[in-house]
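Residue numbers (our numbering): 119 to 230.
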């Protein structure tokens, strides 16, 4: 199974189109972890499983679960699950969703 994961493309349609064109015959899943800032009905994101990021103003789900032959994938941006303060809430969500994999993007810098 091959998965292409992106995040934070911030209205850069050409990035998504280029990735789709280059890898459409090589990957099984296209995943966008939020902050696309694109209309969910646009052709630019039509092949992507995509979630809401903190800069998205369109109606995207806060999380998605992708069922694959290798196990469930939990997709989220992370900002709604407090990942800046730890991963406990995200781990609980992953367990609830029976997720084997978790893809996210957010500002996850933790001070020691």
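Beta carbons are placed, not taken as given, at the ideal position from N, Cα and C, and that holds for glycine.
Bear in mind the structure is a predicted one, so any value in this text is a computation, not a measurement.
Within the same chain, 199, 200 come within 7 angstroms of residue 207 by CB-CB distance, once the 5 residues on both sides are set aside. Closest option to residue 123, judged by alpha-carbon separation, among 131, 188, 151: 151. Boundaries of the beta strand (DSSP E) around residue 147: 147-150. In the three-state scheme derived from DSSP, where H, G and I count as helix and E and B as strand, residue 202 is classed as helix. Residue pairing by DSSP places residue 182 opposite 193 in a beta bridge.
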